[in-house]
Amino acid sequence: MNRPELQAMGERERERQQSYRCRLLCCASTPCLSSGATAVIEALKQFVKEQELDADVLVTATGCMGPCSRGPLVTVQTRDLEDVVYEHVTPELARDIALAHAAPEPRALERNLLAADSPFFAKQKKVVLSNSGLIDPERLECYVARGGYGALANALREMTPVEVCEAITRSGLRGRGGAGYPTGLKWDLVRKAPGTRKFVIANGDEGDPGAYMDRTLMESDPHRVLEGMAIAGYAVGAEQGYIYVRGEYPIAAKRLENAIRMAERRGLLGGRVLDSSFSFRIDIRIGAGAFVCGEETALMASVMGRRGQPSPRPPYPAQSGLWGMPTLINNVETFGNIAPIIDNGAEWYAAIGTDKSKGTKIFALAGTVATTGLIEVPMGISLREIIFDIGGGIPNGRAFKAAQTGGPSGGCIPAEHLDTPVDYDSLRRLGSIMGSGGLVVMDDTSCMPDVAKFFMEFCMDESCGKCVPCRVGTVQLHRLLEHITNGSATPRDMETLEELCVMMQETSLCGLGQSAPNPLLSTLRYFREEYQAHILERTCPAGKCTMDHVPPLEQGAELQRRSRSTTSDSEVS
Amino acid sequence: MTQLVTGKKTRFATAWLGGCSGCHMSLLDLDERLIELFQAADLLYSPIADIKEFPRQVDVTLVEGAVANVDHLELARQIRERSHIVVSFGDCAVTGNVTSLRNRLEVDDLLSMVYREGPGREPRGREGDGILPALIPRVLPLHQVIAVDAFIPGCPPDPDTIWEAVSALLHGAPVRLKQEMRYFG
Amino acid sequence: MSVVTLHINDELVSARSDQKLLEVIREQGIDIPTLCHLEGVSDLGGCRLCLVEVQGSSKLLAACVTPVQEGMSVYTHSERLVRYRRMILELLLSERTHTCAVCVTNGHCELQYEAAELGVDHVRYEYLAPQLHLDASHARFTLDHNRCILCQRCVRVCDEVEGAHTLDIMGRGANGRVITGLNRPWGECVSCTSCGKCVQVCPTGALFFKGSSVGEMEKRHAFLSWILNGRERKEWQW
Amino acid sequence: MSIANKQKNPPAKVEEVRTDPRYKLVDRTLKRFHYQQDALIEVLHTAQEAFGFLDDDLMIYIARALKLPQSWVYGVATFYHFFSLEPQGEHTCVVCMGTACYVKRAAEIIATVQDEFGIAPGETTADGKLSLATARCLGSCGLAPVMVIDNQVLGKETPDTAITQLREVIATPAATAATSAATTVEPQEGPQP
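Residue numbers (the working numbering), protein chains in the order written: chain V, 1 to 573; chain R, 574 to 758; chain P, 759 to 996; chain H, 997 to 1189.
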């Protein structure tokens, strides 16, 4: 396929879509599927068949539309009306929707309607997710109809690899995996690195609990990721790409596999991409359940079929990565930003966001917030806007307590910092990180030492065990937090705890160990009085912890108390 | 510590928790240095002296053994309250050592194994409940129960090591053992 | 091979550009503790005892895996490094059951030595006391997981020098264990050549010769450089 | 294959290996990756899918095919949580313990299931009916707390609904459920729905 053929394909598909009077888009992303989307899609297809509307009504299973807690979702596009979105759609409701919209005089239903101008949609800005929820992820044509692979064609024909790297640098895009390293710089390093072969890896091992941005992107718009990888391959001089998909995401893997096959068949990937001299193959690697594989050196070990243990840097992957060759590793979401940057120009992209954090960021808004789901917002938006406008605030009349960003590597941000603009540097100053984009809201029923313990347990289970500070440090910190939450801690434990945190940050081998103390330190920073209440007063202010143990020195009295109660029990029985 | 500097005799004690008394044997191996020790110090409490109550005011207490039962807890608490300087004396007090090898078992299983179902024994039922001091769930090194000011490792500590530490304490100096005296085991 | 110059503790020194920091530091007669490093096998960077401060780097770097660079300025014994090393030792001592008094390597143990050297006179962390077993199925050697510090010296020597790769690590994190074959009893592993290199390089009493009693198991690993130099320089082709 | 390797396994076992049709699936993946050692994880995935879990014979087979040391294969298989070395129950219940689910009290669901069936996460009931596991976020945070019974994702669970659903699933014959896991269990006779 060459560029005119690509354009023709897009044109044909657009005409085909226009020929329908009404298009019913049903979200077939994991959350909606779990709340019954399959039955809704079946009902709609059945309806079209019964009413013999095949020529007028198109039913499409799409990717994620955003407000996941309100699923199953159906978007209706009609020629004469604005697009409308329905929430909590049942098969019965689906028929009513179809009936109303497919009628010669189409009209929207009054119920289960999600207003397009509601803050949930109005405050978002969709760049990476611009196709998500609007296209059928299983059909290449749908992607091409919305301009897909145009950026790749453009880059291959009009730009040199240097120019591509420059464009990415000028856009100000930073890595979306968490650390926020400038993407253009990374590309340039790999481009310049000497090596007979080079590799591109898309990191889709989204391990943060409470985050599913990458999954959604891979499920909803797989070609977007592949196109970004291909452009990267062209820019750095790689002919082979790997996309590492988390094992928990079978649908994402299936759709990506399908997408790769389709793209290869049409000459958009594989040998001589778009009739150019550039070849680029992409293979999928399925993860097998190891959070540490989100770390780039561990991920590379895993791609090579080994134990996913990180190795010390330097050398960095850009110099010596897969099989010792220069390797570019970016997060899936980072690759999702590439095509829009090439399409619209670096300046357009750099105009979105803040001074040092450009563009948009996808967040998985979860926890105790009225509307949970997937959102894409411009950098610099405040947490308050995200949680209270987009998310609709805290349900059940409870009070906001903290927002957790960055997963097990991040921190908890308290109410007094709700107006902080969300960007890499502000979040870091608050002791948290942007991370991959998990944003879990907690209300006042959450106990912060308990939350810290939750994350420490996670890190303890996920530590690879290679370096001592992380392997044993996480266990010791978890023990200390256990003592704090069960009432057996002493004031000295606090000192040990804080000292150990700093030591782990400074001495651990990889990012997992270095950042494992972050949730603990940030809760200590903002909620120290809760820790003190647990230790000094042996009470849990949130009422979550059992506090049924005593410090070592008081064990004697406790044992006597218990043995008295057991003897009296046995006497009774 | 003022008393020490003004030349008064140091009020000295040694205590024995969960250990084999080997550290005390090693203390006795100070031999003629014992004379020097007791010229500078009065022994107010020790397993080698027949004194029932831990005295009200002590300058230096050496504690052998790990904390393994409720009596140890109580004595450790008294020692801390009544001593100016508490020293973990030997590996059991410092690390838990052999005494703490039982930590891999639950107390009840341990008691069953050793006393209730041991080979060649009559089953004894819930012996000791209320008579023998109850075992605490995990044997702990002394510093995990009370604050400890100095540590003398070794199983047992060598008499030279003990003398090095004790003579520093008698002079009101902090215990700074040489590297070859710092070995566990 | 080109030569680079760098500062170690403010002293100007020169080194070959292919050297690692640890080698250069030790050449200067500076004593820097290590446990996972072993002359003759690849480096792991896992024990973190040889961490050094390098000016201009926000992170502490493990000297055993960090290549020297022109103009580097390295500090090996700053107050925080010494403190961290001590804490790492404490963590290691708390992880499994290191009861020196009843150990076959008492008096010859690298872990025990480093603890004394670094002034670890007590461990502030809770002793984890995991319930681990001991594999005595091999005719000549015993593997006691209770004394293992997961330094992987045995794994590397078995793979890189002996070429058998009988040993590896299973699981992850604190649940990691040295395994033989498919985690079968060592004595049943047909790939084991019973060469004993793993025993000799083990820094603690985790691997020992059967029949050793307390304090009787002395290790030696100087033979490694002898074997490897011999191979590399083809000294034995007469 | 070297002579030493042949001696490792008695010939009888090799025969048995070749007759089991499930090995064909493993062979297919091995071929697809040209017996490259890098493909170990992919091969283990296929093997686990075909057999439900990885037993010693299977790992020895893979080690020999990829010319990898046995300890290496075992090390990789136990590093990743996805691989199971034990047979799984007829039905599986996975409770998500991601942050969102945790905040919405998924721990209570686990505790209740644990009490009801007497198994901790990672264990299987004595009758082989049910395996309980926890997951590190299934990426369905909008529906927290989430659990997965026999590959079906269920959202907004409570301890009560969880127990009810599990009881129902266990009461239904295996043929209707457990598509992937229970390969060791013979399909039971029962009414087809």
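The C-beta atom is built at its ideal place from N, Cα and C for all residues, glycine as well.
Keep in mind that this is a model prediction, so the values were computed, not measured.
query	result
Checking 9 Å against the spacing of the C-beta atoms, do leucine 140 of chain V and methionine 262 of chain V come in under that value?	yes
So arginine 584 of chain R contacts chain V; which residues on that side make the cut at Cβ distance below 8 Å?	Simply none; closest approach about 24 Å.
Does any C-beta atom of chain V lie closer than 9 Å to the C-beta of serine 852 of chain P?	yes
Rounded C-beta distance between cysteine 447 of chain V and glutamate 530 of chain V? I'm assuming under 8 Å.	7 Å
When every heavy atom of the ligand ADP is checked, does at least one fall within less than 8 Å of the C-beta of leucine 328 of chain V?	As presented, the structure is devoid of all ligands, the ligand ADP included, so that no description of it is given.
Determine the burial state of aspartate 188 of chain V: buried for a count of at least 16 other Cβ atoms within 10 Å of its Cβ, exposed for fewer.	buried
Which of the residues in the region 466-488 of chain V, read from start to end, lie with their CB under 7 Å from any CB of chain R?	none
What is the rounded straight-line gap between the Cα of glycine 1138 of chain H and the Cα of arginine 898 of chain P?	58 Å
Alpha carbon to alpha carbon, what distance is there between arginine 844 of chain P and tryptophan 589 of chain R?	29 Å
Comparing alpha-carbon positions, which option in V/Thr38, V/Glu105, V/Gly175, V/Met300 lies nearest lysine 356 of chain V?	V/Gly175
Between which two residues does the alpha helix (DSSP H) harbouring aspartate 733 of chain R extend?	732-743
Where do the N-terminal and C-terminal ends of the alpha helix (DSSP H) with serine 599 of chain R fall, by residue?	595-601
With DSSP collapsed to three states, give me the class of valine 799 of chain P.	coil
Go ahead and pull the three-state DSSP assignment for aspartate 682 of chain R.	helix
Is it right to say alanine 61 of chain V is buried, meaning 16 or more other beta carbons lie within 10 angstroms of its own, or is it exposed?	buried
What does threonine 1095 of chain H pair with, by DSSP beta-bridge criteria?	For threonine 1095 of chain H, which the question treats as bridged, DSSP gives no partner whatsoever.
Across which residues does DSSP place isoleucine 375 of chain V in a beta bridge pair?	V/Phe363
Against chain P, with Cβ distances strictly below 9 Å, would lysine 1004 of chain H count as a contact?	Any reading at lysine 1004 of chain H needs caution, since the residue's pLDDT is 46, under 50, leaving its predicted position unreliable; the model's value is listed next. Yes - at least one Cβ of chain P is within 9 Å of the one on lysine 1004 of chain H.
What are the residues of the region 929-952 of chain P that lie near chain H, defined by any Cβ-Cβ distance shorter than 7 Å?	Gly929, Arg930, Ile937, Thr938, Gly939, Leu940, Asn941, Val948, Ser949
I'd like to know whether the C-beta of cysteine 805 of chain P is nearer than 9 Å to at least one C-beta of chain V.	yes
Is proline 4 of chain V buried or exposed, if buried means 16 or more other CB atoms sit within 10 Å of its CB?	exposed
Would you kindly check if the distance between the Cβ of leucine 1054 of chain H and the Cβ of glutamine 963 of chain H is under 9 Å?	Because chain H here runs from 997 to 1189, residue 963 of chain H falls outside it and cannot be looked at.
Is isoleucine 907 of chain P close to chain H, meaning its C-beta is less than 9 Å from at least one C-beta of that chain?	no
For the region 1045-1079 of chain H, which residues have a CB atom closer than 7 Å to at least one CB atom of chain V, in sequence order?	Gly1071, Val1072, Phe1075, Tyr1076, His1077, Phe1078, Phe1079
Closest Cβ-Cβ distance between glutamine 752 of chain R and chain V: below 9 Å?	no
Given a cut-off of 9 Å on the beta-carbon distance, is the pair lysine 361 of chain V and glutamate 385 of chain V in contact?	no
Tell me, please, whether the region 822-842 of chain P touches the region 946-961 of chain P by the rule of three or more beta-carbon pairs shorter than 8 Å.	no
Is the Cβ of arginine 492 of chain V closer than 9 Å to any Cβ of chain R?	yes
Glutamate 1038 of chain H touches chain V at which residues, Cβ-Cβ below 8 Å?	Arg285, Ile286, Gly305
Can you tell me whether DSSP reads histidine 657 of chain R as helix, strand or coil?	strand
Tell me, please, which residues DSSP counts as bridged to tryptophan 589 of chain R.	R/Glu637
What's the C-alpha gap between tyrosine 234 of chain V and arginine 224 of chain V?	16 Å
Cβ closer than 7 Å: which chain R residues qualify as neighbours of glycine 556 of chain V?	Val643, Leu646, Glu647
Under the three-state reduction of DSSP, which class applies to asparagine 904 of chain P: helix, strand or coil?	helix
Taking 9 Å as the CB-CB cut-off, is valine 840 of chain P touching chain V?	no
Leaving out five residues on either side along the sequence, give the residues of the same chain with a beta carbon under 8 Å from the beta carbon of leucine 836 of chain P.	Per the sequence presented here, residue 836 of chain P reads as serine, with leucine not at that position. So the list reads Glu811, once near-sequence residues are dropped.
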